Amino acid sequence: CCGGLRNLLQGLSFSAKYYSKLNPPQTVCLFSKIAPKKCHILGCSKSTCTHTTAPPGSILPCRFFSCKEGTKVLSKKKQNTSMVTSELLHKNLLKSEQKNWNNISPRYKTMTKRIKEKLEELHNMYTLNSRSPRIRFGENVYFEENGCIFLAKADDGEGNAKILFSIEDLGFSDAFIQRIRISPDQRYMAISLKSENSEEATCIIMKLGNLPVVEKVIPSVFSFEWAANDVLYYAAQKNLKCQNVFMTTFTYQKHTKLVYTEQDARFFVDLYCTKDRRFLTINSNSKTTSEVWLVDCRHPFESPALVQARTTGLMYHVEHRKDQLYILTTYGEPAEYKAILTDNCIHRINLDAYCRPYRNSKLMKAPVASSGKENWQLVYALERKTKLVDFEMFSDDCIMFLKNAGHLYLNVISFVSHSVQSIKLPTWACEFELESHPEHTTSTCYFQLSSPVHPPKRFAYSFKENNLIEQAVQEVPIITNCHTTRLLAKSKDETLVPITVFHNKNSKELHRRPLLVHVYGAYGIDLNMSFKEEKLMLIEEGWILAYCHVRGGGEQGLSWHRDGCQYNKLKGLHDLRACITLLHQEGFSQPKHTALAAASAGGVLAGALCNTDPALLRAMVLQAPFVDVLNTMMKTHLPLTIEEQEEWGNPLEDEKCMKYIKSYCPYQNIKPQCYPSVFITAYENDERVPLTGILQYVQKLRKAALDHASRTSKKGNWIPNIILDVQANGSHCDSSWEHSLNE
């Protein structure tokens, strides 16, 4: 599945995995007094480069910040002294926490040994039948297993597959393959390799043949696509930003040229190739706004063409079919019906009363030659509170993966019969993964479904048969006594917040069972509900798992995200409080057996609840948490601060915003009281969440808990364990199974 589409869908109304500290949308431009900058397109026509400028639209840059009137600017000498003092404090805090961890961790040795053995057993059980995605080109099938790239014949079976090369052969034994792209004529293969200690990947271009050889190595690459047999476009990444696109060729006059640069720090650039390989798209997205440029793959050296100039709040993604651009977008007036466009005739389908009109959820189309939004025509509009999770275009059909009220659906739009077929997927399914389909003329779409406690199952949808088929694989014993419950909690403003609950059917007295609550609530991203061995282990041992889909996340579309970002962040906190309260009222555990888990930006709501309602919890587990929002958003030298202003606001320019962030920021609101126990995992080289903020948070939290204990002599008073494990290896993003197991 393309990164560009995924990233766009994070913020589309049907909402939506990638760029930011943690990720996408919202709609206020805070910088209308700053003059707009232009995006530069470098037109590459054979050997010459010409500059043209893209219309800046109404998106305004926010790179520079002025000091408030009366603010004193430190001299360089004082600044240097301050930096040295800060670094010394950081080292002392880190040393102190490492010593504390070394003293505490041995007491858990027996428990961790038992858990590790159990997780390894589950992992081996459920990975035996899993397989990596297959990429089919004509008669050839390419796939990766254990760091090796294989080639097999489609009709010959994979038993006779041959190894083309391994990443160990390339000298990258500590890396894993992140992305594979094969040139149209199959002469070249581009792969990206990434180590778990770095955010940046290395792109290696292999020339295939009887003896594959390394053609080129490109460091610090985020995305790449083949525009032609020997022409590769790639987006370079630096300091978590991706703003330059290059073109490189491999035959005749080998050369590399810069073809696009994005000058607005809020925008992140990535590349995508349309399913029919007619166009390569350069996608520049902020958390609220998109702009797409087309590279005609028949003429890859010509300058990119603009689809629609960026307009504040307008997000869109482009596919192509038969000289028409199909556009997923937030554009247009509120849709009052589902619609299929047949020439000039729209067939209306009445909606249920529940599915009232809702904007920002449309598939539209326009001619390639006149692609501006004034020419966009409605093809299909989604129902209210329906989220488009993913989208795939085929020659005669379009397939949409949708989520509504926690359930997954498949909508198949036929461009031939002008009809829509909607299929409800199994009720246990919470996540899906679309497999790669390089040939847009294929008659079958393959994908996998999973949940936190259900290992991935492979399914296929046949366009010819119009039905869903569960793929026959060697059966693996799956826990059959796991019950799934969906609840709605009424928040402070009476908004209904979905909760997904898993527990063992055989568990009795659920109010006595331990409960693990999960929360995220930021960037329009859904809670991660893919299969994890540790979740299944907890179910088997009698735990209850609850996933709170609070505002700020993307579970119910763009409005759900907007209702939980910037000046609405406290709504997410109210939602979380309501969810946990309802769980206890419904008999799922009780406060003294309840733990709260969050990662990254989820640490904001978890840490805030820990300050406002510590009595609801016994423990809190955080992974690389964002707990010092105010100080982080005041530091514009950090790579993501400006990009993040669309999510959190700009406290440097807006005093009201500063006060609002301060009202919920976990670090700012620590006070002497009885806190739950807290376990935090952090990474020494985390580029997204600064370690210093976590160190200071832990120190302040521990001091507050000790102060409270020293002031009270209440019977049964206890001092919580507040533990920080700082890992030298690993990074903010997903890690290997081995690293995950150790954690």
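Numbering (my numbering), first residue to last: 4 to 746.
A virtual CB, placed ideally from N, CA and C, is assigned to each residue, including glycine.
If you're wondering where the values come from, they're calculated on a predicted model, not measured in any experiment.
Burial state of I426 is exposed, judged by a 10 Å Cβ sphere holding fewer than 16 other Cβ atoms. Here the alpha carbon of G733 sits roughly 9 Å from the alpha carbon of S198.
Ranked by how close their Cα comes to the Cα of P517, the residues P187, T389, F505 and P675 have F505 in first place. Between the segment 216-224 and the segment 655-671 there are fewer than three inter-stretch CB-CB distances shorter than 8 Å, so the stretches are not counted as touching.
Secondary structure at M637: coil, using DSSP grouped into helix, strand and coil.
With the rule of 3 Cβ pairs closer than 8 Å, the segment 196-216 does not count as touching the segment 700-711. One thing to note: A549 has its Cβ within 9 Å of the Cβ of L586. Uninterrupted alpha helix (DSSP H) stretches at least 4 residues long and entirely within the segment 606-681 occur at 632-636, 644-651 and 658-667, given in chain order. Taking K538 as reference, the option from S99, H640 and H457 with the minimal CA-CA separation is H457.
In the same chain as F153, and ignoring 5 residues on each side of it, the C-beta atoms closer than 8 Å to its own belong to Y145, F146, E147, E161, A164, K165, I166 and L167, in chain order.
Scanning its chain for C-beta atoms nearer than 6 Å, with the 5 sequence neighbours on each side dropped, one finds around A601 the residues V522, A609 and L625, in chain order.
If you draw a straight line from the Cα of I726 to the Cα of V701, it comes to about 8 Å.
Less than 9 Å separates the beta-carbon of V321 from that of F282. Under the three-state reduction of DSSP, L744 is assigned to helix. Between the C-alpha atoms of R621 and I542 there is a straight-line separation of about 19 Å. Note on I472: under 16 other CB atoms within 10 angstroms of its CB, so exposed under the neighbour-count rule. The continuous beta strand (DSSP E) containing A463 extends over residues H457 to S465. Non-local beta-carbon contacts of H735 in its own chain, meaning distances under 6 Å to residues more than five positions away in sequence, involve A627, D689 and R691 in chain order.
Judged by beta-carbon spacing, M623 lies within the 9 Å limit of A598, meaning their Cβ atoms are closer than that value. Here the C-alpha atom of R117 lies approximately 11 Å from the C-alpha atom of E124. Taken in chain order, the complete beta strand (DSSP E) segments of 3 residues or longer contained in the segment 86-154 are 137-140 and 143-148.
Contact fails between the segment 450-467 and the segment 555-569, because fewer than three Cβ pairs, one in each stretch, are under 8 Å apart. Annotated three-state conformation of W296 is strand, per DSSP.
Pairing T333 with L243, the inter-Cα distance amounts to about 26 Å. In the DSSP annotation of this structure, R565 is not part of any beta strand (DSSP E); the continuous alpha helix (DSSP H) holding it starts and ends at L561 to R565. Here the segment 285-295 lies against the segment 261-275, with 3 or more beta-carbon pairs under 8 Å apart.
In this model, N127 and Y111 are separated by some 24 Å (Cα to Cα). Rounded to whole angstroms, the separation of the alpha carbons of N614 and K674 is 7 Å.
For Y449, the closest alpha carbon among the candidates Y464, F435 and P679 is that of Y464.
In this model, C568 and E650 are separated by some 5 Å (Cα to Cα). The alpha carbon of F591 has as its nearest neighbour, out of L619, V729 and D566, the alpha carbon of L619. Under the three-state reduction of DSSP output, E161 falls in the helix class.
Following the DSSP letters along the chain, one finds Q424 inside the beta strand (DSSP E) bounded by residues S422 to K427. The closest CA to that of N507, considering only I528, P501 and I547, is found on I547. The criterion of a C-beta distance shorter than 9 Å is satisfied by Q311 and G375.
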